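Heads up, the thing below is written out as structure tokens.
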Amino acid sequence: MVQQQQHRIYILQFRKGEQDQEVACKVSTPPKAAGAGRRVMYYYHDYGGAGAGGGGKNGKAVQPRAFSMRRFFGLLLLSFVSVGTLFVAPVSFFSFVHSDEGGGAAVAARRAVEVAPCSGMGNDSLCCDRTSTRADICFARGDVRMHSASASFQLVSSSVNATAAAGKVVEEERIRPYTRKWEANVMATIDEVRLRRVSPGDAARCDVVHDVPAVVFSTGGYTGNVYHEFNDGILPLFVTSNHFRRRVVFVILEYHDWWMTKYGDVVSRLSAFPPIDFTADRRVHCFPEVIAGLRIHGELTVDPEKTPEGKSIRHFRTLLDDAYRGRIQYLERLERRAARSRKRRAAAAKPTTTTSITLPIMATPAKQASPSPDRPRLVIVSRTGSRVIENEADVAALAADVGFDVRVVRPERTTELCKIYRELNASDAMVGVHGAAMTHFLFMRPGKVFVQVVPLGTDWAAGAYYGEPAARLGLRYVGYKILPEESSLSREYPTGDPVLTDPAGVGKRGWDVTKKVYLDRQNVRLDLARFREELVKAHRYLVAGKRRRRQRESQ
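First residue of the sequence shown: 0, per numbering that gives the first Met the number 0; consecutive thereafter.
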């Protein structure tokens, strides 16, 4: 029996102990066939029952329909439009369908995409683009069926019998859908999937029929490091799927519940449908098109000249705003209720000695003026372990003295990403030492200031991975390169040692040496007088920007 699905599923993030949750939720245990008793919190949005006119929705069995005159004339009209389009402009039909932006830049961007390998595919086609050094990507169009038992997708084709009869090899492609193709060690850990042609008689029978494409990718590899989660996963997913306008299903290899919990808000803005755990879900899902692998444009970036609709990193930033808006509004409601409750309790209670409580991810300097809308907000992203700012409290006090409203954010592995986003999205400046946490510059608004403290031996990585991408986002980037005396290594190595005087030369010994010496064993103690100069410049820039905005608004 073909299985029907009647729900759109969104995964929400809730911290333990939160009360007054105002959405209808339930904990659902998927059937064993779909994933071995995993417990995930879902928010259900019904399409409607069988009698509610929900036929043809994604994930539901397609019911037989009569071929009415209305459908006949509709198909005839579509044929004329398609043929006319092919004659007027030599673009692929799929790009035409998904295009919604005009203008010369958008047209140029689409043309750049259309000349890429596999761009001219028709129906009943299988093609892989392996020209990129970063990632392979494969396409199958037609009757494509997911068969996880054999780690494959089957393109059902009547031409297979003729091919086999002629003694030719039946077409098959293999891919590991992860965006670090050049790193053989990590790619060896990524599951491989096959895309192969099969005859109708050998094809698996559909359990769930979808009328939208599927995008297949892996959340294995370096997943667990926030830089790689965005650079290798979330951003390439945006590049590959955003033009589908949420009409796409994600099929995930090396599926992790925690990943969906962490990024469910963002994923739900790219797909309106529940993701499929490729390994655990043994049902046969059938699609009109499958894209295996993701396109990646560079470090934490989106190149508008390589996207179907000319999208840039700023469009991704807008998607983050949309993804977290609802959750942030909910958190604000909870905080207002908690504040009213505290006020009522304080009014009813007798005067007593109070103890201040610091939020788990945020602290403020002990000596700081009361927050003011005229004081730009500066967030220090604190580290533990290595590359710690040893005089962090002094730096925070210095920033407050310069004129900033200072917050110190100490994110933990369990900190909800939305709360970090909320803090940085409302900030005017961010300060932090080079490391994966600097990925959070993506949460800042264009026009703000990002100050990255660059330890010895990290110049190139700091600029390539964070500095240059931040500038493309529209941030004012400041790379504060420490002097040898500001490094804790100056207490381990004698003056004049190459570790202090020639980090680039030491780095040529290999990544392992760089990691051991400069990443794992180095802290920083900032020269307050020297760092003050950068803070003063940033403050002047931000204050001048606010002044200009007020002048424009008053005109």
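Beta carbons are placed, not taken as given, at the ideal position from N, Cα and C, and that holds for glycine. All values derive from a computational prediction rather than experimental measurement.
Report task. Spell out the partners DSSP gives L125 in its beta bridges. Result -> Here residue 125 corresponds to residue number 126 of the sequence shown, with the count starting at 1. According to the DSSP secondary-structure assignment, L125 is paired through a beta bridge with A139.
Query - Endpoints, alpha helix (DSSP H) assigned at G504 - result: If you number the sequence shown from 1, residue 504 lands on position 505. Counted as a single uninterrupted DSSP element, the alpha helix (DSSP H) harbouring G504 occupies residues 502-506.
Query raised in the report: Given a threshold of 16 other Cβ atoms within 10 Å of its Cβ, counted over all protein chains shown, does V535 qualify as buried or as exposed?
Result: Translated into the one-based positions of the sequence shown, residue 535 becomes position 536. The residue in question, V535, is exposed, as its Cβ has fewer than 16 Cβ neighbours within 10 Å.
**Report entry** Beta-bridge pairing of K480 - partner residues as DSSP gives them
**Finding:** On the sequence shown, residue 480 is found 481 positions in, with the first residue counted as 1. For K480, which the question treats as bridged, DSSP gives the partners V453.
Query raised in the report: If you draw a straight line from the C-alpha of D99 to the C-alpha of H314, how long is it?
Result: Numbered from its first residue, the sequence shown carries residue 99 at position 100. Numbered from its first residue, the sequence shown carries residue 314 at position 315. Its pLDDT being 37, under 50, D99 is placed unreliably in this model, and the value from its coordinates should be taken loosely. Going from the Cα of D99 to the Cα of H314 covers about 14 Å.
**Report entry** Presumed contact (8 Å Cβ cut-off) between L564 and L293, rounded CB distance
**Finding:** In the structure displayed, the chain extends from 0 to 554; residue 564 sits before or after that span and is not available.
Requested in this report: Report buried or exposed for R524, applying the criterion of at least 16 other Cβ atoms within 10 angstroms of its Cβ.
Outcome: Counting from one through the sequence shown, the residue named residue 524 turns up at place 525. Answer is buried; the Cβ neighbour count reaches 16.
Report task. Tell me whether A398 sits in a helix, a strand or coil according to DSSP, three-state version. Result -> Here residue 398 refers to the residue found at position 399 when the sequence shown is read from its first residue. Of the three classes helix, strand and coil, the one that applies to A398 here is helix, per DSSP.
**Report entry** Where R475 sits in the DSSP three-state scheme
**Finding:** In the sequence shown, the residue the question calls residue 475 occupies position 476. DSSP, read as helix, strand or coil, puts R475 in strand.
**Report entry** Residues bridged to Q153 (per DSSP)
**Finding:** In the sequence shown, counting from the first residue as 1, residue 153 sits at position 154. Paired residues: R144, R195.
Query raised in the report: What three-state label does DSSP hand G434 in the structure shown?
Result: For the purposes of this step, residue 434 is taken as residue 435 along the sequence shown, with counting starting at 1. The answer is coil: DSSP assigns G434 none of H, G, I, E or B.
Query - Per-residue DSSP class, three states only, for H242 - result: Walking along the sequence shown from the start, residue 242 turns up at place 243. Note: H242 maps to helix in three-state DSSP.
Query raised in the report: Given L269, which residues of its chain have a CB within under 7 Å of its CB, disregarding the five upstream and five downstream residues?
Result: The residue given as residue 269 occupies position 270 in the sequence shown. Taken in chain order, the residues that qualify are L236, F237, S240, N241, R245.
Query raised in the report: In or out: R332 buried (at least 16 other Cβ within 10 Å) or exposed?
Result: To locate residue 332, count along the sequence shown from 1; it is residue 333. So R332 counts as exposed.
Query raised in the report: Can you tell which of Y492, V143, D123 has the C-alpha that lies nearest to the C-alpha of H284?
Result: By 1-based counting over the sequence shown, the position of residue 284 is 285. Measuring from the Cα of H284, the nearest candidate turns out to be V143.
Query - Inter-residue Cα distance where the pair is P497 and N390 - result: Start at 1 with the first residue of the sequence shown, and residue 497 comes out as number 498. Start at 1 with the first residue of the sequence shown, and residue 390 comes out as number 391. Their backbone Cα atoms lie some 25 Å apart in a straight line.
**Report entry** Buried or exposed (CB count within 10 angstroms, at least 16 for buried), R557
**Finding:** The question about residue 557 has no answer here: the residues shown for the chain are numbered 0 through 554.
Requested in this report: Confirm, please, whether the CB-CB distance from Y517 to P502 is below 8 Å.
Outcome: Stepping through the sequence shown from its first residue, residue 502 is reached at position 503. Stepping through the sequence shown from its first residue, residue 517 is reached at position 518. Yes. Within cutoff.
Query raised in the report: Where V505 and P303 are concerned, what is the direct C-alpha to C-alpha distance, given to the nearest angstrom?
Result: The residue you call residue 505 lines up with position 506 of the sequence shown. The residue you call residue 303 lines up with position 304 of the sequence shown. For V505 and P303, the distance between alpha carbons rounds to 37 Å.
Query raised in the report: Quick one: Cα of D128 to Cα of V248, how far?
Result: Counted from its first residue, the sequence shown places residue 128 at position 129. Counted from its first residue, the sequence shown places residue 248 at position 249. Cα-Cα distance, rounded: 21 Å.
Query raised in the report: What is the DSSP secondary structure of R546, reduced to helix, strand or coil?
Result: Your numbering for residue 546 matches position 547 in the sequence shown. Collapsing the DSSP output to three states places R546 in a helix.
Query - I379 and V407 closer than 8 Å at C-beta - result: Sequence index remark: in the sequence shown, residue 379 carries index 380 (1-based). Sequence index remark: in the sequence shown, residue 407 carries index 408 (1-based). Contact check for I379 against V407 passes: the beta carbons are separated by less than 8 Å.
Query - Residue burial classification, D321 (beta-carbon count within 10 angstroms, cutoff 16) - result: Your numbering for residue 321 matches position 322 in the sequence shown. That one is exposed.
Report task. Could you check if Q554 is buried or exposed, using at least 16 other CB atoms within 10 Å of its CB as the buried criterion? Result -> As a working note, residue 554 is residue 555 in the sequence shown. Looking at its Cβ environment, which holds fewer than 16 other Cβ atoms inside 10 Å, Q554 is exposed.
Report task. Out of G544, V512, E288, state which residue places its alpha-carbon closest to the alpha-carbon of F243. Result -> Position 244 of the sequence shown holds residue 243. Of G544, V512, E288, the smallest CA-CA separation from F243 is found for E288.
Requested in this report: Classify E182 as helix, strand or coil using the three-state DSSP reduction.
Outcome: Residue mapping note: residue 182 aligns to position 183 of the sequence shown, counting from 1. DSSP places E182 in the coil class of the three-state scheme, outside both helix and strand.
Query raised in the report: Can you give the Cα-Cα distance for V405 and I327, rounded to whole angstroms?
Result: Residue 405 sits at position 406 when you count from the first residue of the sequence shown. Residue 327 sits at position 328 when you count from the first residue of the sequence shown. So the alpha carbons of these two residues sit roughly 21 Å apart.
Query raised in the report: Going along the chain, which residues of its own chain have a beta-carbon closer than 6 Å to the beta-carbon of Y221, five neighbours each way excluded?
Result: Taking the sequence shown and counting its residues from 1, the one referred to as residue 221 is at position 222. So the list reads H227, once near-sequence residues are dropped.
Query raised in the report: When you compare each of S156, T383, G446 to V432 by their alpha carbons, which one comes out closest?
Result: Here residue 432 is taken as the residue at index 433 of the sequence shown, counted from 1. Comparing Cα-Cα distances from V432 to each of S156, T383, G446, the minimum goes to T383.
Report task. Measure the C-alpha to C-alpha separation of V387 and K480 and round it to an integer number of angstroms. Result -> Here the question's residue 387 lines up with position 388 in the sequence shown. Here the question's residue 480 lines up with position 481 in the sequence shown. CA-to-CA, the gap between V387 and K480 works out to about 15 Å.
Query raised in the report: Where do the N-terminal and C-terminal ends of the alpha helix (DSSP H) with H439 fall, by residue?
Result: Looking up residue 439 in the sequence shown gives position 440. No alpha helix (DSSP H) contains H439, which DSSP labels as neither H nor E.
Query raised in the report: Does the distance from the CB of F587 to the CB of Y254 come in under 8 Å?
Result: No information on residue 587 is available, as it lies outside the stretch 0 to 554 that the chain covers here.
Report task. Could you tell me the distance, in whole angstroms, from the CA atom of S487 to the CA atom of G466? Result -> Translated into the one-based positions of the sequence shown, residue 487 becomes position 488. Translated into the one-based positions of the sequence shown, residue 466 becomes position 467. In this structure, the alpha-carbon of S487 lies about 23 Å from that of G466.
Query raised in the report: Beta carbon of P303: closer than 7 Å to some heavy atom of the ligand NAD?
Result: This structure does not include the ligand NAD; it has no bound ligands of any sort.
Query raised in the report: Which one of V453, I419, L455 has the shortest CA to CA distance from F440?
Result: What you label residue 440 is simply residue 441 of the sequence shown in a count that begins at 1. Closest by alpha carbon: I419.
Query raised in the report: Quick one: what's got a C-beta closer than 7 Å to H97's C-beta in the same chain, skipping five residues either side?
Result: The residue labelled residue 97 in the question sits at position 98 within the sequence shown. Because the pLDDT at H97 is just 37, under 50, the model does not fix this residue reliably, and the value given afterwards should be weighed accordingly. So the list reads H242, F243, P307, once near-sequence residues are dropped.
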